[in-house]
Amino acid sequence: MLKWIKRIAVTLVVLIVVVGGGGYGTFTYMNRTPPQLVEPNYFRIYKEQLASEEAMTPEGNVAIFMSGLIMPEDFRVPDFHNLALKSSQYIPWPIRNRAMADPGVILLDTERFYEFEEFVPTNLVDAYGSSMDVDGTPWVEKYHNGDLIWVDPSPTQHFDHGYFLYTARKGGMPGPSQKLVNKARVYYYGKGKGFMNGKVPHEAGNWAIVEATMEKITAKYGDVPYRWVTAEDFHLARKAMFELLDCGADTIIFASPPPCLFSS
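The numbering of the sequence shown is this note's numbering, which starts it at 1 and goes up by one.
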């Protein structure tokens, strides 16, 4: 009898150690340091290099990598989806799972997209730009059928707006992504709503700066390989960086387009 009690006790101790260790390991891994905060800290290196003329002198074949937050001229879902998810890496796990959950289909009215109190909508669309559900029923009809609920603005977000929510199925993206993607679609890129005829001039303006900068650099130093890419698409940025490395660059200068024009 005593032998069985010892075996049970040992088994319980082992289970506690394994579960506790596994839980701690999972917690530590899920709350690891975000990639951009992992060493090397390029901003610290930059500040150190400023004090050294030798460190600020390019060596060998030089290339320029220009990147920054660039709003696309034409609407692109991935840009705003990625932007909305950026803050998630700073939210501790497992709270992050709740903050980034898919609550259902988030809907905005194409005319009254920035409202603070419930109203009667006339044309609701989801984050994919559809005015009807997968069953072909218009979202507005589902509102009048009582299938939608109104979600008030968040009290923790300055000048946040409310939205309608359909909870019978998932929306296909985390809640923050759906909300920002939909807002960008109907507001920033909505014709006659946000900017210029459904286009945002930020990308074109940045390109004008890049083009003028590279003309000055070419006139002074000759042809210098360069890439210009938005920081919101990691895959595009990675591809651009490896293109510069593959062309034989020994020194790569990191730069943001606006300051480049004034320093060239």
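The beta-carbon is built from N, C-alpha and C at its ideal position, and this holds for glycine as well.
| Check | Outcome |
| --- | --- |
| Other residues of its chain near residue 81: CB distance less than 7 Å, five sequence neighbours each side excluded | 173, 177 and 181 |
| Residue interval of the alpha helix (DSSP H) (run including residue 214) | 202–221 |
| Identity of the residues DSSP links to residue 132 by a beta bridge | 138 |
| Helix, strand or coil at residue 159 according to DSSP, with G and I counted as helix | coil |
| Identified DSSP bridge partners for residue 32 | Answer is none; residue 32 lacks a bridge partner. |
| Residue 221 and residue 66 closer than 9 Å at C-beta | no |
| Rounded straight-line distance, which links the Cα of residue 211 to that of residue 204 | 10 Å |
| Pick from 112, 127 and 128 that is closest to residue 121, judged by C-alpha positions | 112 |
| Integer Cβ distance of residue 230 from residue 70, believed to fall under 8 Å | 4 Å |
| Residue 45 - containing alpha helix (DSSP H), residue span | 42–50 |
| Distance, residue 84 Cα to residue 252 Cα | 29 Å |
| Residue burial classification, residue 185 (beta-carbon count within 10 angstroms, cutoff 16) | buried |
| Inter-stretch contact at 8 Å, needing at least 3 Cβ pairs: the stretch 162–169 / the stretch 96–110 | yes |
| Which residues DSSP lists as bridging residue 105, in chain order | 166 |
| Sheet register partners of residue 64 (DSSP bridge) | 226 and 253 |
| Which residues DSSP lists as bridging residue 149, in chain order | 165 |
| Per-residue DSSP class, three states only, for residue 124 | strand |
| Same chain only: Cβ atoms within 6 Å of residue 77, ignoring 5 sequence neighbours per side | 181 |
| Beta-carbon proximity check, residue 255 vs residue 64, cutoff 9 Å | yes |
| Min CB distance residue 159 to chain C below 9 Å | Of the chains in the structure shown, none is chain C; there is only one protein chain. |
| Reduced DSSP secondary structure (H/G/I, E/B, other) of residue 196 | strand |
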